[in-house]
Amino acid sequence: MKPGARRLTGTDGVSHTFDPGSFALELILSGGPPPWDRYETLRTTTDAAAWLADSYLAADFPLTPADVRLTEAELERLKEFRSILWRVVPPLTGGEVPGVTPGPLTAADRALINSAVAATPAPELDDHGVLRRRTPITGDQVLGAAARDLIAIIGTDQVSRLRMCEGGNCALMFYDTSRPGNRRWCSMQRCGNRHKVGNYRTRHTT
Ligand SMILES: [Zn+2]
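With the first letter of the sequence shown counted as 1, position 23 gets the number 22 in numbering that gives the first Met the number 0; the numbers rise by one all the way through.
Spelled out as C-alpha cells, the structure:
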C-alpha cells in the first residue's frame, strides 16, 4: 500500500483504504479527543515510530520504525498539534465532527505551528553521492513536517481543497489532490459505492 494510505475498519466491520491526501490530515487518523480517543494509535513512542514509518513521511524515502525516534515530550507536542487539527480542520471543510467543538486558529495555535516548522526531516547524500533521508528522524522533525504541510494548505488557496467525506455518518477529512479538485468520498470502495447503490435504489423505486 502507498505510504499515507490507511486501511480503516468501520463500525460495521468493513475495511476500506483511505488516502487523507497529506501528512497533516493523516495525523488526524492516529487518534484524537474523546470520543475519538478510542482510536488512539500513538500510545507510546514505539507505537508512534511504527505508525509514522507507514505514513506520508515515507512517501519519498522508505522508512522503518527504527528510522523514527521520538521522546515522550516530542510525542506530547505532536498530539497537541493533532488536537489543533481536530478543532480547526472540520470548519474549514464545511463539515462537523460529532463530539468535537470546532474553533478558529488561536494565537497560541499559530505560535506552536510557526515555531514547529524550523525542524524538518533533512535530505543528505550517501557514500555513493545518492540522495537519501537523514535518519533517525526526530519527533520535532515529524512535527515540523506536519506543520509545514498544514501551513501550505490552510495558509493558501489550497484551503478550498480541504474536504469532509460526503457520505452520511462519515466524518473522514482529507486534502483533495485530484487534478480537477472534485474528490467527494473518503473512498470509492466505501462511501462512493454506497452513494452509487443509493442512487440506483432511488431510481428503481421512484
Ligand atoms: Zn466516507
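Note that beta-carbon positions come from the ideal geometry of N, C-alpha and C, so glycine has one too. All figures in this text were calculated on a predicted structure; none of them were measured in a lab.
A distance below 8 angstroms separates the beta carbons of residue 19 and residue 3. Nearest neighbour of residue 120 by Cα position, chosen from 134, 162, 89 and 63, turns out to be 134. For residue 129 against residue 150, the beta-carbon gap comes to about 30 angstroms, at or over 8 angstroms, which does not count as contact.
Beta-bridge partners assigned by DSSP to residue 40: none are found.
Ranked by Cα distance from residue 158, the first of 76, 87, 127 and 165 is 87. Here the segment 156–173 makes no contact with the segment 45–54; the two share fewer than three CB pairs at distances below 8 angstroms. In the three-state DSSP reduction, residue 132 falls in the strand class (E or B).
If you measure from each CB to the nearest heavy atom of ligand 1, the residues under 7 angstroms come out as 164, 166, 169, 171, 184, 185, 186, 189 and 190. Considering only 101, 80 and 175, the residue with the shortest C-alpha distance to residue 29 is 80. If you draw a straight line from the Cα of residue 148 to the Cα of residue 113, it comes to about 12 angstroms. Counting only runs that start and end inside the segment 113–174, the beta strand (DSSP E) elements of at least 3 residues fall at 122–124, 130–132, 161–163 and 172–174.
Look at residue 82 here: in three-state DSSP terms it is helix. With 16 or more other Cβ atoms inside 10 Å of its own Cβ, residue 92 counts as buried. About 7 angstroms separates the Cβ atoms of residue 7 and residue 14, confirming a contact at the 8 angstroms cut-off.
Here residue 22 carries a helix assignment [DSSP, helix/strand/coil].
CA-to-CA, the gap between residue 62 and residue 138 works out to about 14 angstroms.
DSSP links residue 14 through a beta bridge to 8.
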